[in-house]
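A.B. asks: This is the structure I have questions about; it appears just below.
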Amino acid sequence: MLCLTFEIGENRYAINASEVIEVAPPVNMTTFPKAPSYFAGRFNFRGDIVPVIDLRDLLMGLTTKKYLSTRILVVNYHAGEETHKLGLLCEKVMDIIRIKEDELQNPGLITEETGYLGRLINLKTGIVQLISVIDLLPPFLRKDLFREAAGE
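Here is the structure:
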């Protein structure tokens, strides 16, 4: 499996590269009052309005820092039978690595709030934790973000 790796704070994470549509530079986004702090806003991606989640804020409660390597990962987000585009604001997008299933290890403690955190791989350069895109959003946010696409 090919995975795109990135850093958030001091930790390294990866998502399955097959879910990634594009790695885009940061852009100006439209924000919404009273939205959760990890909702960075929405932007126009090739004619589609795409919601963006600040992964550092979602995982650590801190706003993403702006580095030269900060990017928006535009991914396929599967919500039921529908597939939507979702932006993930990430610090220090690194590279693509190949992971073998037998190299993945159990992460240990996973709570209901961190169900999107997947298995671990121990590389020479450190530990990388997989993130499940499909489990990333809490149900209430999933419903609100994609309400327009569902015709509600």
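Every letter in the sequence shown is one number past the one before it in my numbering, and letter 96, counting from 1, is 1081.
Heads up, the beta-carbon is just placed ideally off N, CA and C, and yes, glycines get one too.
#1: Rounded to the nearest angstrom, how far is the Cβ of valine 1078 from that of valine 1008, given a contact under 8 angstroms?
#2: Would you kindly work out how many angstroms separate the C-alpha atoms of isoleucine 1084 and glutamate 1067, rounded to a whole number?
#3: Under 8 angstroms, do leucine 1089 and leucine 1108 count as touching if we go by C-beta distance?
#4: Less than 8 angstroms separating the beta-carbons of leucine 1040 and cysteine 1075?
#5: Pull up the DSSP beta-bridge partners for glutamate 1067, would you.
#6: Give the C-beta separation of isoleucine 1082 and leucine 1102 to the nearest angstrom, bearing in mind that I take them to be a contact with Cβ-Cβ under 8 angstroms.
#7: Using a Cβ-Cβ cut-off of 8 angstroms (strictly less than) and excluding sequence neighbours within five positions of tyrosine 1052, which residues of its own chain qualify?
C.D. replies: Judging by the given coordinates:
#1: As a position in the sequence shown, residue 1078 is number 93, starting the count at 1. As a position in the sequence shown, residue 1008 is number 23, starting the count at 1. Going by Cβ atoms, the distance from valine 1078 to valine 1008 rounds to 6 angstroms, so yes, they are a contact pair.
#2: Within the sequence shown, numbered from 1, the residue matching residue 1084 stands at position 99. Within the sequence shown, numbered from 1, the residue matching residue 1067 stands at position 82. Going by the C-alpha atoms only, they are around 28 angstroms apart.
#3: For the purposes of this step, residue 1089 is taken as the residue at position 104 of the sequence shown. For the purposes of this step, residue 1108 is taken as the residue at position 123 of the sequence shown. For the pair leucine 1089 and leucine 1108, the CB atoms are not nearer than the 8 angstroms cut-off.
#4: Counting from one through the sequence shown, the residue named residue 1040 turns up at place 55. Counting from one through the sequence shown, the residue named residue 1075 turns up at place 90. Cβ distance < 8 angstroms, so leucine 1040 and cysteine 1075 count as in contact.
#5: Stepping through the sequence shown from its first residue, residue 1067 is reached at position 82. Paired residues: Ala1064.
#6: To locate residue 1082, count along the sequence shown from 1; it is residue 97. To locate residue 1102, count along the sequence shown from 1; it is residue 117. No, isoleucine 1082 and leucine 1102 are not in contact; Cβ-Cβ is about 18 angstroms, not under 8 angstroms.
#7: Here residue 1052 refers to the residue found at position 67 when the sequence shown is read from its first residue. So the qualifying residues of the chain are Glu1076 and Lys1077.
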